[in-house]
Amino acid sequence: MGKGSSGGAAAVTLASSPAQAAATSCHNQEVAYPTDLPTIIVFDLDDCLWTPEMHELSGLPSIPVEGPLDPTDNESELGTIGMKVPSRKRGRGKGFDWGGYNNSEEIVELYPGARLALRELATNPKYKDIIIAVASTSLEPSYSRACIDGIEIVEGVTMKDMISYAQIGRDGKLTSRKTSHFQLIHEESGFVPHEEMLFFDDCNWGDHVGDLNNEFGVIGVRTPQGLTLEEFHHGLEKFRAGKRR
616 MGKGSSGGAA AVTLASSPAQ AAATSCHNQE VAYPTDLPTI IVFDLDDCLW
666 TPEMHELSGL PSIPVEGPLD PTDNESELGT IGMKVPSRKR GRGKGFDWGG
716 YNNSEEIVEL YPGARLALRE LATNPKYKDI IIAVASTSLE PSYSRACIDG
766 IEIVEGVTMK DMISYAQIGR DGKLTSRKTS HFQLIHEESG FVPHEEMLFF
816 DDCNWGDHVG DLNNEFGVIG VRTPQGLTLE EFHHGLEKFR AGKRR
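Read left to right, the sequence shown gives residues 616 to 860 (my numbering).
Here it is, written out as structure tokens:
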């Protein structure tokens with residue numbers, strides 16, 4: 616929908632990114648940004664990083680689900696790979712209602728490609744200065760934040776540990792247009808220029824990528840089937856190509 620502690624944590628410094636610090640303290644000075652990597656990568660959540668969408672859930676996903684943190688290696692370290700909605704007791708004598716379709720469990724999990732992309736950002740030193748943000752028009756922001764708080768990317772490092780700015784919802788200063796989310800990220804980051812941002816969004820409920828490019832010049836990639844690692848790398852190359860023009 617348009618909706619650290621261990622090994623890799625140092626690769627995604629949240630509050631001490633040089634670009635963020637420079638932009639915050641030197642508003643009146645020209646800030647030098649990397650020429651080949653975005654200063655901020657912004658991800659949508661529902662149908663981009665994870666599935667299902669928050670409005671499809673019957674309640675708050677509050678139960679951690681354990682599994683291998685590397686989706687390509689079943690022998691990798693274990694951690695919280697998803698968040699599950701608790702079962703709901705039906706009426707007297709009717710047992711449990713597990714929610715979802717066909718009485719299946721309701722578990723929010725990252726797409727494999729999204730998990731691999733986030734693991735790459737967390738562990739590859741060349742990405743250590745990139746700031747990570749999310750922009751979501753989720754109808755259930757509290758559900759989204761519960762998943763961000765709980766889901767691990769590498770051992771001991773949750774999505775929350777990696778994300779510097781989280782603009783989630785569509786009330787207050789936020790609207791159904793993600794231009795509102797990006798404007799707040801722009802302000803919170805110390806006015807990092809929009810053209811220094813890279814955006815990933817499924818765009819299944821509206822062309823947020825096109826809207827942001829038209830409004831602010833943000834480079835974006837559409838991920839209609841959920842983010843894949845190939846789409847992540849394509850986005851980085853698209854950003855580099857745009858900077859070379």
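By construction, the Cβ of each residue, glycine as well, lies at the ideal position given by its N, Cα and C atoms.
Within the model, the alpha-carbon separation for L731 versus L725 is close to 9 Å. Checking the DSSP bridge columns, you'll see M812 partnered with I655. Per DSSP, the continuous alpha helix (DSSP H) segment holding P727 begins and ends at P727 to T738. Taken atom to atom, the span from the alpha-carbon of S702 to that of R792 is near 34 Å. The continuous alpha helix (DSSP H) containing S757 extends over residues P756 to G765. The three-state secondary structure of G825, taken from DSSP, is helix.
Note on D688: under 16 other CB atoms within 10 angstroms of its CB, so exposed under the neighbour-count rule. Membership of I783 in the beta strand (DSSP E) is indicated by the continuous run I778 to I783. In the three-state reduction of the DSSP assignment, T838 falls in the coil class, being assigned neither a helical nor a strand state. Taking the CA atoms as reference points, K788 sits about 38 Å from P683. For K853, the enclosing alpha helix (DSSP H) begins and ends at L844 to R859. By the C-beta density criterion, D786 is exposed, having fewer than 16 other C-beta atoms within 10 angstroms. Under the three-state reduction of DSSP, E724 is assigned to strand.
With 16 or more other CB atoms across the displayed protein chains lying within 10 angstroms of its CB, N819 is buried. Residue environment for H801: buried (at least 16 other C-beta atoms within 10 angstroms of its C-beta).
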